[in-house]
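Asker:
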Amino acid sequence: QVQPVESGGGLVQPGGSLTLSCVASGSIFRFNAMGWYRQAPGKQREMVAVFTGGTSARYADFVKGRFTISRDNAKNTVYLQMNSLKPEDTAVYYCNTPSYFYSWGHGTQVTVSS
Numbered sequence: 013q014v015q016p017v018e019s020g021g022g023l024v025q026p027g028g029s030l031t032l033s034c035v036a037s038g039s040i041f042r043f044n045a046m047g048w049y050r051q052a053p054g055k056q057r058e059m060v061a062v063f064t065g066g067t068s069a070r071y072a073d074f075v076k077g078r079f080t081i082s083r084d085n086a087k088n089t090v091y092l093q094m095n096s097l098k099p100e101d102t103a104v105y106y107c108n109t110p111s112y113f114y115s116w117g118h119g120t121q122v123t124v125s126s
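Its first residue numbered 13, the sequence shown is counted upward by one per residue in this note's numbering.
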């Protein structure tokens with residue numbers, strides 16, 4: 013099954029920044045509906061940010077003002093710019109459509125720690 017490929021994670025200090033990337037194949041329609049999700053150890057996967065139509069996006073309350081989702085259609089890539097990172101942002105980050113069209117990829121680990 014088709015899986016997105018996430019990258020860009022790493023270890024960062026609190027207050028730092030990271031930019032995640034996700035390359036996904038498929039029709040442009042599904043690509044436009046892409047979003048980012050995360051799963052912390054012992055917790056359920058949760059929505060972080062998702063495109064809702066055109067360039068509009070919806071963000072989880074816990075990342076509003078800190079994270080920004082964007083995309084490059086020519087590269088079939090969705091990005092997540094993460095600023096002012098907090099230890100509670102530590103998780104594996106995944107991309108998918110809101111309907112979970114794709115099989116879940118391996119994700120990319122983000123660890124926020126001093």
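Yeah, the Cβ is synthetic: ideal placement off N, Cα and C, and Gly gets one too.
Once DSSP output is grouped into helix, strand and coil, what is the label at TRP14?
Answerer: The residue labelled residue 14 in the question sits at position 2 within the sequence shown. The amino acid occupying residue 14 in the given sequence is Val; Trp does not appear at that position. Here VAL14 sits in coil by DSSP.
Asker: Return the residue from the list SER29, SER37, THR89, VAL90 that minimises the CA-CA distance to VAL75.
Answerer: In the sequence shown, counting from the first residue as 1, residue 75 sits at position 63. Closest option to VAL75, Cα to Cα, is SER29.
Asker: Would ALA86 be called buried (16 or more neighbouring beta carbons within 10 Å of its own) or exposed?
Answerer: By one-based count along the sequence shown, residue 86 stands at place 74. Classification of ALA86: exposed, given that the 10 Å Cβ count is below 16.
Asker: Are the Cβ atoms of GLY117 and PRO26 separated by less than 7 Å?
Answerer: Stepping through the sequence shown from its first residue, residue 117 is reached at position 105. Stepping through the sequence shown from its first residue, residue 26 is reached at position 14. Contact: no.
Asker: Spatial neighbours of LEU23 within its chain, please: C-beta separation below 6 Å, excluding the five flanking residues on both sides.
Answerer: Start at 1 with the first residue of the sequence shown, and residue 23 comes out as number 11. Within the same chain, LEU23 has close Cβ partners THR123.
Asker: Going by other Cβ atoms of all chains shown within 10 Å of its Cβ, with 16 needed for buried, is GLU18 buried or exposed?
Answerer: As a first step, residue 18 must be located in the sequence shown, where it is residue number 6. Under this definition GLU18 is a buried residue.
Asker: Could you tell me the boundaries of the beta strand (DSSP E) in which GLY21 lies?
Answerer: Here residue 21 refers to the residue found at position 9 when the sequence shown is read from its first residue. First-last for GLY21: undefined, no H or E at that position.
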